[in-house]
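So for the sequence shown, our numbering puts the first residue at 16; every next one is plus one.
All remarks here apply to the structure that follows.
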Amino acid sequence: MDLFQIELMKLKRQKIWILVLIGPIMGTFLGSFNYTSSLDILSKSDTNEWYQLWNQVTFFYGLFLFPILSGIYAIFLCRTDHLTGGWKQLFSLPVKREKVFSSKLFLLVLLLLITQMTQFLLFIVVGNLLGLQDNLNLTFFLKAVINGWIAIFPIAIFQLMLAIKTKSFMFSLSLNVLFTFLSLVMMVVGLEQYYLWTLPSIAMASPTETGLSHSLSYFYALVFTLSLILYIWGKKTINKNEECL
16 MDLFQIELMK LKRQKIWILV LIGPIMGTFL GSFNYTSSLD ILSKSDTNEW YQLWNQVTFF
76 YGLFLFPILS GIYAIFLCRT DHLTGGWKQL FSLPVKREKV FSSKLFLLVL LLLITQMTQF
136 LLFIVVGNLL GLQDNLNLTF FLKAVINGWI AIFPIAIFQL MLAIKTKSFM FSLSLNVLFT
196 FLSLVMMVVG LEQYYLWTLP SIAMASPTET GLSHSLSYFY ALVFTLSLIL YIWGKKTINK
256 NEECL
């Protein structure tokens with residue numbers, strides 16, 4: 016049995032799949048409620064109805080729920096290892112420690128992709144239930160979903176490193192929530208384009224909202240460079256980490 020299968024089995028016991036549904040459901044519900052509550056104002060705009068609904072959903076989901084979920088997933092990926100001495104078992108296997116880090120990270124980004132696709136499907140379902148009449152630009156929304164997923168990479172790697180190093184789940188969660196809500200401060204001072212926790216929301220923004228101020232090439236270069244740096248740092252951290260043993 017390989018490391019990925021071991022990590023998958025541990026997650027199944029923790030029923031993390033419930034969170035994969037709860038996060039998108041909450042984001043869709045809050046966004047839809049805000050949309051229907053503001054119809055008097057929104058109906059006066061010529062903006063595509065699907066974009067209007069998307070703006071409301073991604074405000075709650077992309078800016079708050081998605082980054083927080085990535086940290087919760089990371090905590091769950093390391094929870095069993097911290098509580099049951101799983102680190103000793105993992106590191107006793109004939110595999111390199113960095114492969115343990117890589118397998119957890121692969122599962123983490125996979126969970127985040129499934130979460131994104133769940134959010135997208137719920138958005139489409141709710142939009143149809145609300146009877147939106149404008150054209151649905153599926154190409155844009157699929158690109159937005161993928162860009163939002165890519166934007167979460169450096170955050171996910173950092174949070175996995177934190178979850179590995181920290182036995183206190185509340186500390187990891189609290190720090191993640193703090194960084195997430197600092198996004199509002201960064202938006203006020205105009206630094207949201209350079210703050211990691213706002214990137215998923217910005218990457219998913221509709222054409223009617225303030226999205227990426229730079230080109231997609233710059234966005235990809237920034238995200239993948241930061242992800243690579245954090246990934247290398249994470250592998251070195253787990254090789255030197257004895258506190259989690």
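Think of the CB as a built atom: it goes at the ideal place given N, C-alpha and C, for glycine as much as any other residue.
Here the structure is a predicted model, which is why all the values come from computation and not from measurement.
Check: Exposed or buried, C259, counting other C-beta atoms within 10 Å across all chains shown (16 or more means buried)?; Outcome: Any reading at C259 is ruled out, since the residue's pLDDT is 48, under 50, leaving its predicted position unreliable.
Check: Taking Cβ positions, are V141 and T51 nearer each other than 8 Å?; Outcome: no
Check: Please give me, in chain order, every unbroken run of the alpha helix (DSSP H) with length at least 4 that falls completely inside the region 130-178.; Outcome: 153-166
Check: DSSP state of M24, grouped into three classes?; Outcome: helix
Check: Using a C-beta cutoff of 8 Å, does L57 count as contacting chain B?; Outcome: This model lacks chain B altogether, as it is built from one protein chain only.
Check: Using only the alpha-carbon positions, how far apart do D55 and N49 sit?; Outcome: 12 Å
Check: Can you tell which of M132, K251 and L241 has its C-alpha closest to the C-alpha of G77?; Outcome: M132
Check: Check this for me: beta carbons of K30 and T95, under 8 Å apart or not?; Outcome: no
Check: Rounded to a whole number of angstroms, what is the C-alpha to C-alpha distance between V209 and V124?; Outcome: It should be noted that the sequence gives Tyr, not Val, for residue 209. Cα to Cα, Y209 sits roughly 21 Å from V124.
Check: Is there contact between the region 230-247 and the region 165-172, where contact requires at least three CB pairs shorter than 8 Å?; Outcome: yes
Check: What three-state label does DSSP hand G77 in the structure shown?; Outcome: helix
Check: Rounded to a whole number of angstroms, what is the C-alpha to C-alpha distance between N162 and L231?; Outcome: 9 Å
Check: Using three-state DSSP, classify L191 as helix, strand or coil.; Outcome: Note on identity: in this sequence residue 191 is Asn, with Leu being the wrong assignment. DSSP places N191 in helix when its eight states are reduced to three.
Check: How is N70 classed by DSSP in three states: helix, strand or coil?; Outcome: helix
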